[in-house]
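**Student:**
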Amino acid sequence: MHAPIRMPGHWFDELATGGGSVEAIGFLAQGERSRRLLLIGELLARLEERPTLLGPADLGAIWGTVERAEARKPGSAEELLIGPQVGSWLAHILRRLHGASVGPPLWVDAGHLAAVALVAALRAGTDADLVVPAREGAVSLPTLGLARLPGAPLLGFQPVHARVREGELHLAATVRGTGATALTVRPLTAPQSAVWWPTHRLPVGPGGTEVALDDTDPYRDLDRPIPPRRLTPHELATWQRLFTDAVALLDAGRTSVSGSGATPDSGGTGPGTDTDTRPGTLRPEEIRRIVPWPGRLPNGPVEGLSASTADAFGSMVVAEPPNAAALAETMVHEFQHSKLGALLHLFAMLDDDRTEEHYAPWRPDPRHLPGLLHGAYAFVGVAGFWRDRIGDRAADPLDLAPFRFALRRIQTRTVLRTLATRAALTGPGRRLVAGLTRTVDGWLREPVGGPAVARARAAAAGHRAEWRLRHLRCADEERAGLAAAVRSGTPLPPPRPPRLLPAAERAHWQDVRGALYLRPDATDATDATDATDATDATGAADATDPATDGAPDPAALHADVLLVHGEPASAREAYLEQGAAAPGDPHLLAGWLLAHTALHPGHRRLLARPERFAAAVEGEGPEVWERAAHRLAAPESPA
313 MHAPIRMPGH WFDELATGGG SVEAIGFLAQ GERSRRLLLI GELLARLEER PTLLGPADLG
373 AIWGTVERAE ARKPGSAEEL LIGPQVGSWL AHILRRLHGA SVGPPLWVDA GHLAAVALVA
433 ALRAGTDADL VVPAREGAVS LPTLGLARLP GAPLLGFQPV HARVREGELH LAATVRGTGA
493 TALTVRPLTA PQSAVWWPTH RLPVGPGGTE VALDDTDPYR DLDRPIPPRR LTPHELATWQ
553 RLFTDAVALL DAGRTSVSGS GATPDSGGTG PGTDTDTRPG TLRPEEIRRI VPWPGRLPNG
613 PVEGLSASTA DAFGSMVVAE PPNAAALAET MVHEFQHSKL GALLHLFAML DDDRTEEHYA
673 PWRPDPRHLP GLLHGAYAFV GVAGFWRDRI GDRAADPLDL APFRFALRRI QTRTVLRTLA
733 TRAALTGPGR RLVAGLTRTV DGWLREPVGG PAVARARAAA AGHRAEWRLR HLRCADEERA
793 GLAAAVRSGT PLPPPRPPRL LPAAERAHWQ DVRGALYLRP DATDATDATD ATDATDATGA
853 ADATDPATDG APDPAALHAD VLLVHGEPAS AREAYLEQGA AAPGDPHLLA GWLLAHTALH
913 PGHRRLLARP ERFAAAVEGE GPEVWERAAH RLAAPESPA
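Letter by letter, the sequence shown follows residues 313 to 951 in the working numbering.
1) Between Pro898, Val929, Asp529 and Val451, which has its C-alpha nearest Leu466's C-alpha?
2) Is the separation between the beta-carbon of Leu874 and that of Ala883 shorter than 8 Å?
3) For Val497 versus Leu434, is the C-beta distance shorter than 8 Å?
4) Which partner residues does Trp508 have in the DSSP bridge list?
5) Are there 16 or more other CB atoms within 10 angstroms of the CB of Asp788, so buried, or fewer, so exposed?
6) Can you find a heavy atom of the ligand ZN that lies under 7 Å from the Cβ of Ala624?
7) From the DSSP output, read off the bridge partner residues of His942.
8) Are the CB atoms of Arg825 and Asp897 within a distance shorter than 8 Å?
9) What residue range is occupied by the uninterrupted beta strand (DSSP E) comprising Met628?
10) Thinking C-alpha only, which one of Asp588, Leu392, Pro530 and Arg720 is nearest Gly415?
11) Just verifying my parser: in three-state terms, what is the DSSP assignment at Arg697?
12) Quick check on the DSSP output: the beta strand (DSSP E) that includes Phe659 runs from which residue to which?
13) For the alpha helix (DSSP H) that Ile317 lies in, which residues bound it at each end?
14) Just mark Ala464 as buried or exposed, buried being the case when its beta carbon has 16 or more other beta carbons within 10 Å.
15) Nearest by alpha-carbon distance to Arg536: which of Ala412, Pro807 and Thr364 is it?
16) Strictly under 8 Å for the Cβ-Cβ distance: is Ala506 near chain D by that measure?
17) Check whether the segment 660 to 673 touches the segment 338 to 356, counting contact only when three or more Cβ pairs, one atom from each stretch, lie closer than 8 Å.
18) Where does the unbroken alpha helix (DSSP H) through Gln342 begin, and where does it stop?
19) Under a three-way DSSP split, which group does Gln822 fall into?
20) Run through the DSSP bridge pairs and tell me what Leu481 is partnered with.
21) Between which two residues does the beta strand (DSSP E) containing Ile599 stretch?
22) Roughly how many angstroms lie between the CA atoms of Ala369 and Ala485, to the nearest whole one?
23) By DSSP, does His956 sit in helix, in strand, or in coil?
24) I'd like to confirm the pairing. Which residues does DSSP put opposite Ala440 in its beta bridges?
25) Just mark Pro386 as buried or exposed, buried being the case when its beta carbon has 16 or more other beta carbons within 10 Å.
26) Using 8 Å as the Cβ pair cut-off and three pairs as the minimum, do the segment 796 to 804 and the segment 939 to 947 touch?
27) Helix, strand or coil for Ala770? Go by DSSP, reduced to three states.
28) Could you tell me which residues DSSP puts in a beta bridge with Ser452?
29) Are the beta-carbon atoms belonging to Ser400 and Ala432 less than 8 Å from one another?
30) What would DSSP say about His410, mapped onto helix, strand or coil?
31) Tell me, please, which residues DSSP counts as bridged to His1016.
32) Which of helix, strand or coil does DSSP assign to Ala827?
33) Buried or exposed: where does Ser570 fall if 16 or more other Cβ atoms within 10 Å of its Cβ makes it buried?
34) With a CB to CB cut of under 6 Å and the five nearest residues on each side skipped, what residues in its chain are close to Tyr689?
35) Span of the beta strand (DSSP E) holding Val523?
36) According to DSSP, Leu514 sits in a beta bridge with which residue or residues?
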């Protein structure tokens, strides 16, 4: 009988800071191994009960191949089974068997187990004779690549006979008349050709560790199978260059000393602190796979997007980044999701109905509490990453690290407060949130250049105000009372909990003003769009479509530029001019409120509930905005 998995408390506490030692993360990997083997056992039991799920394949032959490979080369088959390639597929086929996902004919998804067994045999040097599924004439071999049968039809699915002898793979169609001819290849050593697409490898360093750059595995996305999208030679060279530079940057950050006055409590590098365990550091060899984002989104580019799933520890889907620092930041971000996903497999952290109604400062849409927890954990890592780069002009030539660090620590603290007050946390959940809070509170005490902090605070306030204007509405009675108070001077109604707009009434939007705070030198729409990595569309297992719906037109950006450049009076007038044509526009209302409160610091309470201001001026032109602001911000106002 197996003993239960028990994590030492000091390892949990290391991870709760947002960082984690080699030993703590190794424990997470062992937990994922145990979970993966349990899931494989569940799949085998279901296939034994319903052998027809495999179609022409035979479960006994498949699993016998795996067992012989493991006996010949102990550890090789297990390493394959616990890798992210098998994890993504295993989660998908189990969801299908539970009726929670869709895909190709079930025998194709289930039969992928035979392809896993083929790879085990090839790695161990054993023989195999199996039937595997071909998709559009190609057989996927997880971790190794894609074999394409010459002359095979490019549509549909076909069973293919596969034979392995002494490292050589022979594939032949089992159905006559398809036009496919047999293929023989040595997957472990063969170079790329028209019939063999090996998995790209990114070397981590001289030690031989490599990260897979996977553009062919059908299960490389977050859930449903997708076709291969082979990188062009230019794209591959770009990824290789960016990854090499990102690894160098991460390795340098692990040994650097950042932030004078840092203390162990703040996740810093004070006496007795292991600089290799602090939040924001990453040992690149812990990454197992990077998947180039497979295509484009229907409403815009994918630059800046990334995603991951708890089903594939150490794997991430990443859009081609603009530079090595962006890739290194993304790797840190997504590995944080992997760490938390593994922790959540070991400990229940919170009890939630997954109602999407909470504010996440790095997203345009409302989130559920588990999403907030994932975001907080990820952005503690991101904040730590940029904290370590302050003053490093080689990694941060534009000196943006102070702003990024200041912004992320403010935003993450906001979310941690929400989790502490709104989430039904378990004991481990409270311990995790408390650990993250100690890290961020320590960072908030650290001095950062004044202009960067001021811009970060303004960017955070602007995003929150516009988010509330776009997603929240006052109750009907409160709206009527607010309008009457502004028009006729009646007493202000007391604030009530706002209601969340239905999903059908929401529009995607970009925080272009936040991008301008990141790059104050951006003075037009193109520059602002280029700088939008001040916002973030990443998430655990579900990336947000960064569509341009709701983005201001170029004329409106003029007011944003004035505001960001420290000219609130001129910005307020520019927002008023724009507001005459679109008085209810959330971007204009938020911008006007930011400019107004910069001129009247005592009115900052307006930013706490901007939806009350929107209700008070609804249906009116911008000529009433000033009067409404003074009325709502009056000392007797309950807002």
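Beta carbons: idealized from backbone N, C-alpha and C, even for Gly. Computed from a predicted structure; not experimentally measured.
**Tutor:** In short:
1) Leu466 has its Cα closest to that of Val451, out of Pro898, Val929, Asp529 and Val451.
2) For Leu874 and Ala883, yes; Cβs fall inside 8 Å.
3) Not a contact, by the Cβ cut-off of 8 Å.
4) Per DSSP, the beta-bridge partners of Trp508 are Ala459.
5) A residue is called buried once 16 or more other Cβ atoms fall within 10 Å of its Cβ, and Asp788, having fewer, is exposed.
6) With respect to the ligand ZN, the structure shown offers nothing to examine, as it has no ligands at all.
7) According to DSSP, His942 shares a beta bridge with no other residue.
8) Their beta carbons are not under 8 Å apart, which means Asp897 does not touch Arg825 by this criterion.
9) Met628 -> beta strand (DSSP E) spans Ser627 to Val630.
10) That would be Pro530, whose Cα lies nearest to the Cα of Gly415.
11) The sequence shown places Phe at residue 697, rather than the Arg named in the question. Phe697: helix per DSSP, three-state reduction.
12) Neither: Phe659 is in no beta strand (DSSP E) and is coded neither H nor E.
13) Per DSSP, Ile317 belongs to no alpha helix (DSSP H) and is neither H nor E.
14) Buried, since its Cβ has 16 or more Cβ neighbours within 10 Å.
15) Closest option to Arg536, Cα to Cα, is Ala412.
16) No chain D is part of this structure, which consists of one protein chain only.
17) No, the segment 660 to 673 does not touch the segment 338 to 356.
18) Note, Gln342: alpha helix (DSSP H), Val334 to Glu361.
19) Collapsing the DSSP output to three states places Gln822 in coil.
20) According to DSSP, Leu481 bridges with Val476 and Val497.
21) Unbroken run through Ile599: none, as it is neither H nor E.
22) Distance from the CA atom of Ala369 to the CA atom of Ala485, rounded to whole angstroms, is 14 Å.
23) Within the shown structure, residues of the chain are numbered from 313 to 951, placing residue 956 beyond reach of any answer.
24) The partner list for Ala440 (beta bridge, DSSP) reads Val476.
25) Label assigned to Pro386: exposed.
26) By the Cβ test, the segment 796 to 804 is in contact with the segment 939 to 947, since at least three Cβ pairs between them sit closer than 8 Å.
27) DSSP places Ala770 in helix when its eight states are reduced to three.
28) Paired residue(s): Leu458.
29) Not closer than 8 Å, so no.
30) Annotated three-state conformation of His410 is coil, per DSSP.
31) Here the chain covers residues 313 to 951 and nothing more, so residue 1016 does not appear.
32) In the structure shown, Ala827 sits in a helix (DSSP, three-state: H, G or I).
33) With a pLDDT of 42 at Ser570, under the threshold of 50, the predicted position of this residue should be treated as unreliable, and no value is reported.
34) Result list for Tyr689: Gln648 and Leu652, in chain order.
35) Per DSSP, the unbroken beta strand (DSSP E) holding Val523 starts and ends at Glu522 to Leu525.
36) The secondary-structure analysis by DSSP pairs Leu514 across a beta bridge with Val523.
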